[in-house]
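Notes for the one structure printed next.
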DNA sequence: GTACAATACATGCATGTGCAACGAATGTGT
DNA sequence: ACACATTCGTTGCACATGCATGTATTGTAC
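Protein chains in written order, with the numbering used here: chain A, 454 to 587; chain B, 454 to 587.
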């Protein structure tokens, strides 16, 4: 029922885009407020913690890799990791092979914070996402 | 094929949300850059101009009404209209009935700018939206 | 009619973000 | 070995946004 994979029809395209934009605004706003209020972290912080917590590689993940995953610019991610590091939720570790690279890995406190925040995240998603994307 | 209207299943919910977020990031970034580069206005400015241009009411639209339509806070819209007014693309007019209210209406220059920018907007949408929302 | 709540918009302030420039380290060609 | 381009992350800067507050106007209760 959606013109997502259809031929680019101008009117339908705009309608689809407005739907995406509106859905994103509502849900991301609700997520950000709930996470901030109940766990003291923003949505971007949560997303990064989640990627780090669910990475099987014990070394962590590269900065650029993370930036792509959460759709942030390089600079935004650099500062975001800086904030999380000050809060003691992640650590930076130099990469031995390529000394330009940095591995970010989650700390125990960071994992605990993520586990505490996950139910909130899922609950808001369950409440807002179906309503926002009919 | 979409879990949009399905029962709130945690994993699928997260997956759907990531899809929406990624789609929004890619498309809004592309739109903003293209509009800024080719027409000197940002995506928010374009969206507001479009709402004003396609309003049948000649008086324009109320500020709060516009804020809801483009998913911006009231303060953000106030400043946005301020920028557009300085650029000569919109005008503010006091509302006679309720002197607290303000009507924003588009100028000839604003309509011309919107008409010039619309093809760019549609083209980027046609190029990025289907690719970003498969 | 006077006091009080509610609405509509503007503004001070703090913050997160992207762009451009930078520094450090690695790869490449000669 | 040396110069040069490239990649990775950080930082200075400008700016748009949201929150809280302020001001003006309207509605409501008494």
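Note that CB positions come from ideal geometry on N, CA and C, so glycine has one too.
Pull up the distance between the alpha-carbon of residue i and that of residue j, whole angstroms please.
i	j	result
residue 571 of chain B	residue 518 of chain B	22 Å
residue 515 of chain A	residue 467 of chain B	23 Å
residue 483 of chain A	residue 469 of chain A	21 Å
residue 564 of chain A	residue 499 of chain A	10 Å
residue 511 of chain B	residue 558 of chain B	8 Å
residue 513 of chain A	residue 551 of chain A	15 Å
residue 535 of chain B	residue 575 of chain A	38 Å
residue 456 of chain B	residue 481 of chain B	Residue placement at residue 456 of chain B is flagged as unreliable, the pLDDT there being 45, under the threshold of 50; a coordinate-derived value is accordingly withheld.
residue 560 of chain A	residue 496 of chain B	38 Å
residue 533 of chain B	residue 556 of chain A	40 Å
residue 567 of chain A	residue 577 of chain A	15 Å
residue 508 of chain B	residue 554 of chain A	52 Å
residue 546 of chain A	residue 544 of chain B	54 Å
Under 8 Å Cβ-Cβ, which residues of chain A neighbour residue i?
i	result
residue 575 of chain B	463, 466 and 467
residue 524 of chain B	474, 475, 478 and 479
Enumerate in chain order the residues of its own chain whose CB-to-CB distance from residue i is below 6 Å, with the five nearest sequence positions on each side excluded.
i	result
residue 525 of chain B	none
residue 520 of chain A	527 and 530
Which residues in chain A have a C-beta closer than 9 Å to the C-beta of residue i? List them in chain order.
i	result
residue 578 of chain B	461, 463, 466, 467, 469 and 470
Please list, in chain order, all residues of the same chain as residue i whose beta carbon is under 7 Å from its beta carbon, the five residues on each side excluded.
i	result
residue 486 of chain A	none
What would DSSP say about residue i, mapped onto helix, strand or coil?
i	result
residue 458 of chain B	Here the model assigns residue 458 of chain B a pLDDT of 46, short of 50, so the residue's position is not dependable, and the following value carries that caveat. Residue state, collapsed to three classes: coil.
residue 557 of chain A	strand
residue 576 of chain B	helix
residue 504 of chain A	helix
residue 524 of chain B	coil
residue 566 of chain B	helix
residue 476 of chain B	helix
residue 532 of chain A	helix
residue 552 of chain A	coil
residue 483 of chain A	helix
Kindly list the residues whose CB is nearer than 8 Å to the CB of residue i, restricted to its own chain and excluding five residues on each side of it in sequence; keep chain order.
i	result
residue 459 of chain A	Only weak support exists for where residue 459 of chain A lies, its pLDDT of 48 falling under 50; the coordinates are left without a value.
Item to check | Inter-stretch contact at 8 Å, needing at least 3 Cβ pairs: the segment 535 to 555 of chain A / the segment 504 to 518 of chain B | outcome: no
Item to check | Inter-stretch contact at 8 Å, needing at least 3 Cβ pairs: the segment 566 to 583 of chain A / the segment 471 to 480 of chain A | outcome: yes
Item to check | Cβ pair count under 8 Å reaching 3, the segment 479 to 491 of chain A against the segment 521 to 535 of chain A | outcome: no
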